[in-house]
Amino acid sequence: MPTRKSAPDAGRLDRIVAEARRAQAAREKGYREQALKLYPWICGRCARQFTRSNLQLLEVHHRDSNHDHNPPDGSNWELLCTYCHEAEHRRYLDGAGRDAEQAGGGKDSQATYRPFENLGALLKRKDRGS
Ligand SMILES: [Zn+2]
Ligand SMILES: [Zn+2]
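Going by our numbering, the sequence shown opens with residue 158, and the numbers climb by one from there.
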């Protein structure tokens, strides 16, 4: 006998998650609209211009990467096209990773040690062998 019927909590959790998503979407829509009113519809990196027809590709970036920090003067917002926005976040993550690595490493002699480069070489070698 399947006991699927007795799971009212799962439905309740779904509703809570859905509600949180809706609130998040509403908040994002709020600051996005404000940012689009404040700033010209131009990507801050590649200077691509946007119109109503492709405006969905223009996204609001948070300079301090805190999405809950939305000052009404727009000082924490930057309009970026979806490609530059993605690149910006990748750059930020890479930088954070490097900083953490340096802080945790401690030994200068190991500064040139790059485990992932070796991994790449190993994988290539494996490919060639097969
Ligand atoms: Zn761009
Ligand atoms: Zn962003």
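We put the CB at the ideal spot given by N, CA and C, even for glycine.
query: Since residue 224 sits in a beta bridge, which residues does DSSP pair it with?; result: DSSP, once it has assigned bridges, lists no residue as partnering residue 224.
query: What residue from 251, 245, 224 has the CA that sits closest to residue 201's CA?; result: 245
query: Would you mind reading off the limits of the beta strand (DSSP E) that contains residue 236?; result: 234-238
query: Rounded to the nearest angstrom, what separates residue 214 and residue 230 at their Cα positions?; result: 23 Å
query: Here's the rule I'm using: 16 or more other beta-carbon atoms within 10 Å means buried, otherwise exposed. How should residue 236 be labelled?; result: buried
query: Going by DSSP, what residues sit across from residue 215 in a beta bridge?; result: 238
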